[in-house]
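Please read the structure below before turning to the comments.
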Amino acid sequence: MKHSGIKHIVGTSKGVRSLCKAIKKVAPLDATVLLYGESGTGKELVARAIHSLSNRHKGPFLPVNCGALSGDLLNTELFGHERGSFTGAVRQHHGYLERANGGTLFLDEITEMPANFQVYLLRTLETATFIRVGGYQEVKTDIRFIAATNIDPWQAVEAGKLRHDLFFRLTEFPIHLPPLRERDEDIILLAQYFLDHFNESYKEKKRFTNDALQYISRNSWPGNIRELRHAIHHAFILADDEISDKDFYKRPLQDNNSYQENFVHSLVGLPIEEVEKNLILATLEHFKGDKKKTAQCLGISLKTLYNRLNLIRDTGREEDQNKVVNFFN
324 MKHSGIKHIV GTSKGVRSLC KAIKKVAPLD ATVLLYGESG TGKELVARAI HSLSNRHKGP
384 FLPVNCGALS GDLLNTELFG HERGSFTGAV RQHHGYLERA NGGTLFLDEI TEMPANFQVY
444 LLRTLETATF IRVGGYQEVK TDIRFIAATN IDPWQAVEAG KLRHDLFFRL TEFPIHLPPL
504 RERDEDIILL AQYFLDHFNE SYKEKKRFTN DALQYISRNS WPGNIRELRH AIHHAFILAD
564 DEISDKDFYK RPLQDNNSYQ ENFVHSLVGL PIEEVEKNLI LATLEHFKGD KKKTAQCLGI
624 SLKTLYNRLN LIRDTGREED QNKVVNFFN
């Protein structure tokens, strides 16, 4: 089994090597990290890896899903509250900002945090202090912040889902987590890693058949690592000694060489030029850089496609410019 050199992060692909290099570089520092990537790419796993390699590894690691808490609940869970501050507050409550002192606070789905709480969070990031709900006294805290989002953070800022000032404070060190479709050589390694884990947990010695390995490698896994893990678990439960392709739950087999129904997510209110750029780059990626097929799929001429790509290369963000350059190489 080939691992990345960081516990629980499996793979040898270029994307994983780049990811692990970034983790090792930033972990010993106290820089705020923003993890961004599609759902299921392992953002909490990476956050835990950064914490475990940091000088705070003996302190707590507390994850908070900002999208799962309503405004009032997020307020008291994040900042805590004083006794009697509202009906039902029968005692003082220490929030995540207090309980994570000396360790790491992982704020998942940060773009789902209401704007007014983003202001409060920004102040905590800048002053290392906060005030409990219903209180007046500032409380000091010593926390390393790691935030995450499953949408493009730059698009989130443009759409008003993430404040500019908080964005700049969170992106001291941004890290992109590559989707599984960009890690073809890691899929079988991950599948075997999950199988080994389930074998150890259930005291079994199950193994994959060649048909199962072909099934795994030929699927696109749009839910990324999370979907792959769940699929392996499902097949493991159904199988006897050998896991075959028939043990996987029935879903349309998506051959990498055939058409796949992929989705490009764009936020409401995004400028049409940005939506067009995202669609062009995603379609070009889908066809593995084949410009002729991309133009045909988009219903534009090859010349128009080249003009659009040249425009992105000359005026787009550095990340998009690099994508275009790679497609031309």
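The sequence shown runs 324 to 652 under the numbering used here. A virtual CB, placed ideally from N, CA and C, is assigned to each residue, including glycine.
> Skipping 5 residues on each side, what residues in its chain have a beta carbon closer than 6 Å to that of Trp544?
Replying inline: Cβ neighbours of Trp544 beyond the five flanking positions: Leu503, Glu550 and Leu551.
> Opposite Tyr359 in the DSSP bridges: which residues?
Replying inline: Answer is Thr472 and His499, bridged to Tyr359.
>> Considering only DSSP beta bridges, list what Arg455 is partnered with.
In response: When DSSP reads this structure, Arg455 sits in no beta bridge, so it has no partner.
> What did DSSP end up calling Asn388 once you bin it into helix, strand or coil?
Replying inline: Reduced to three states, the DSSP call for Asn388 is strand.
> Out of curiosity, what's the CA-to-CA distance linking Phe409 and Gly457?
Replying inline: Each residue's alpha carbon lies about 8 Å from the other.
>> Can you check which of these residues, Glu599, Phe610 and Lys611, is closest to Asn630 by C-alpha distance?
In response: Measuring from the Cα of Asn630, the nearest candidate turns out to be Glu599.
> Using the C-alpha atoms, what's the distance from Asp637 back to Ile522?
Replying inline: Just to set this straight, residue 522 is Asn in the shown sequence, not Ile. Asn522 and Asp637: Cα-Cα distance of roughly 52 Å.
>> Pull the bridge partners of Phe429 from the DSSP assignment, please.
In response: Answer is Pro386 and Ile469, bridged to Phe429.
>> If contacts are defined as beta-carbon pairs under 8 Å, then Lys529 and Phe559 qualify, I think. What distance do you get, rounded to the angstrom?
In response: Rounded, the Cβ-Cβ distance is 6 Å, consistent with contact.
>> Does the contact criterion of 3 or more C-beta pairs under 8 Å hold for the stretch 498 to 512 versus the stretch 336 to 346?
In response: Short answer: they touch.
> Is the beta carbon of Phe466 sitting closer than 8 Å to the one on Asn398?
Replying inline: Rather than Phe, the amino acid found at residue 466 in this sequence is Ile. No, they are not a contact pair.
> By how many angstroms is the C-alpha of Leu428 removed from the C-alpha of Phe453?
Replying inline: Rounded to whole angstroms, Phe453 and Leu428 show a C-alpha spacing of 14 Å.
> Can you round the beta-carbon distance between Val462 and Glu421 to whole angstroms, since I take them to be within the 8 Å contact cut?
Replying inline: About 6 Å; that satisfies the 8 Å criterion.
>> For a test of the three-state rule: what should DSSP assign to Arg530, helix, strand or coil?
In response: Strand.
> Which value, in whole angstroms, describes the spacing of the CA atoms of Asn601 and Arg455?
Replying inline: The alpha-carbon atoms of Asn601 and Arg455 are separated by roughly 42 Å.
> Can you give the beta carbon distance from Ile332 to Ala372, rounded, assuming they're within the 8 Å contact cut?
Replying inline: With a Cβ gap of about 6 Å, Ile332 and Ala372 count as contacting.
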